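When we follow the UniProt record's numbering, the leftmost residue of the sequence shown carries the number 1, and every step to the right adds one.
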Amino acid sequence: MKEQSAPCHRAAGMDIVSFGNSVDDNDAYYLIRAYEDLTHLNASQAHFYSSPAWREGPRQAIIDRISVSVKTVMLLSDSAIDGLRNG
(Lines of atoms letter the chains of each structure in order from A and count residues from 1; the text may use other names and numbers.)
(Lines give C-alpha, C1' and ligand atoms only; values in the text may rest on other atoms or scores of the structure.)
Protein backbone atom coordinates (compact mmCIF):
# COMPACT_ATOMS: atom_id res chain seq x y z
CA MET A 1 0.00 0.00 0.00
CA LYS A 2 2.65 2.48 1.11
CA GLU A 3 5.11 1.78 -1.70
CA GLN A 4 2.81 1.17 -4.69
CA SER A 5 -0.87 1.97 -4.31
CA ALA A 6 -0.77 5.21 -2.32
CA PRO A 7 1.92 6.89 -4.47
CA CYS A 8 0.04 5.91 -7.63
CA HIS A 9 -3.21 7.39 -6.28
CA ARG A 10 -1.48 10.58 -5.13
CA ALA A 11 0.28 11.01 -8.47
CA ALA A 12 -3.17 10.95 -10.10
CA GLY A 13 -4.25 13.80 -7.81
CA MET A 14 -6.42 11.77 -5.44
CA ASP A 15 -6.78 13.01 -1.87
CA ILE A 16 -5.77 10.09 0.33
CA VAL A 17 -7.10 10.81 3.79
CA SER A 18 -5.69 7.70 5.45
CA PHE A 19 -4.44 4.21 4.71
CA GLY A 20 -2.87 1.34 6.58
CA ASN A 21 -3.35 -2.05 8.16
CA SER A 22 -6.40 -3.21 10.05
CA VAL A 23 -5.73 -3.31 13.80
CA ASP A 24 -7.09 -6.87 14.02
CA ASP A 25 -5.65 -8.37 10.81
CA ASN A 26 -2.15 -7.46 9.68
CA ASP A 27 -2.92 -8.76 6.19
CA ALA A 28 -5.98 -6.50 5.76
CA TYR A 29 -5.64 -2.92 4.53
CA TYR A 30 -7.84 0.15 4.25
CA LEU A 31 -7.72 3.18 1.95
CA ILE A 32 -9.79 6.30 2.67
CA ARG A 33 -10.04 8.90 -0.10
CA ALA A 34 -11.91 12.22 -0.15
CA TYR A 35 -13.84 13.68 -3.09
CA GLU A 36 -15.82 16.88 -3.60
CA ASP A 37 -19.00 14.95 -4.48
CA LEU A 38 -20.21 11.76 -6.18
CA THR A 39 -19.57 13.20 -9.64
CA HIS A 40 -15.96 13.94 -8.69
CA LEU A 41 -15.59 10.44 -7.18
CA ASN A 42 -16.88 8.71 -10.31
CA ALA A 43 -14.84 10.85 -12.73
CA SER A 44 -11.66 10.62 -10.66
CA GLN A 45 -11.86 6.86 -10.25
CA ALA A 46 -12.79 6.28 -13.90
CA HIS A 47 -9.78 8.34 -14.98
CA PHE A 48 -7.41 6.65 -12.53
CA TYR A 49 -8.46 3.04 -13.12
CA SER A 50 -8.31 3.44 -16.91
CA SER A 51 -4.93 5.21 -16.90
CA PRO A 52 -1.75 3.60 -18.26
CA ALA A 53 -0.02 4.42 -14.94
CA TRP A 54 -2.44 2.04 -13.17
CA ARG A 55 -3.02 -0.54 -15.91
CA GLU A 56 0.66 -0.88 -16.82
CA GLY A 57 1.90 -0.24 -13.29
CA PRO A 58 1.15 -2.00 -10.01
CA ARG A 59 -2.45 -2.97 -10.87
CA GLN A 60 -2.03 -6.72 -11.26
CA ALA A 61 0.25 -7.14 -8.24
CA ILE A 62 -2.23 -5.23 -6.07
CA ILE A 63 -5.30 -7.03 -7.41
CA ASP A 64 -3.64 -10.42 -6.86
CA ARG A 65 -3.38 -9.64 -3.13
CA ILE A 66 -7.04 -8.64 -2.69
CA SER A 67 -9.33 -11.40 -1.46
CA VAL A 68 -12.19 -9.12 -0.36
CA SER A 69 -12.90 -5.55 -1.42
CA VAL A 70 -15.53 -3.36 0.22
CA LYS A 71 -16.44 0.11 -0.99
CA THR A 72 -18.28 2.44 1.38
CA VAL A 73 -19.28 6.00 0.45
CA MET A 74 -19.94 8.50 3.24
CA LEU A 75 -20.78 12.21 3.21
CA LEU A 76 -18.61 13.88 5.86
CA SER A 77 -17.80 17.44 6.83
CA ASP A 78 -14.31 18.79 6.16
CA SER A 79 -13.57 18.70 9.90
CA ALA A 80 -14.59 15.03 10.12
CA ILE A 81 -12.34 14.22 7.15
CA ASP A 82 -9.45 16.13 8.72
CA GLY A 83 -10.00 14.13 11.92
CA LEU A 84 -9.41 10.92 9.94
CA ARG A 85 -6.20 12.11 8.28
CA ASN A 86 -2.96 10.38 9.20
CA GLY A 87 0.58 11.38 8.44
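Heads up, the beta-carbon is just placed ideally off N, CA and C, and yes, glycines get one too.
Just so it is clear, the structure is predicted and the values come from calculations on it, not from any experiment.
Spatial neighbours of residue i within its chain, please: CB distance less than 7 Å, with the 5 preceding and 5 following residues excluded, ordered by chain position.
| i | result |
| --- | --- |
| G57 | C8 |
| S51 | A12 |
| I81 | V17, A34 |
What is the residue span of the beta strand (DSSP E) that residue i lies within?
| i | result |
| --- | --- |
| L31 | 29–34 |
| S67 | From DSSP, S67 is part of no beta strand (DSSP E); its letter is neither H nor E. |
| V17 | 15–21 |
Could you give the residue range of the alpha helix (DSSP H) that holds residue i?
| i | result |
| --- | --- |
| S44 | 38–50 |
| S79 | 78–84 |
| S5 | 5–11 |
Cutting at 6 Å between CB atoms, please list the residues of its own chain near residue i, excluding the five before and the five after it.
| i | result |
| --- | --- |
| Q4 | P58 |
**Prompt:** If you pair each beta-carbon of the segment 9–24 with each one of the segment 59–71, do three or more pairs fall below 8 Å?
**Reply:** No, they do not touch.
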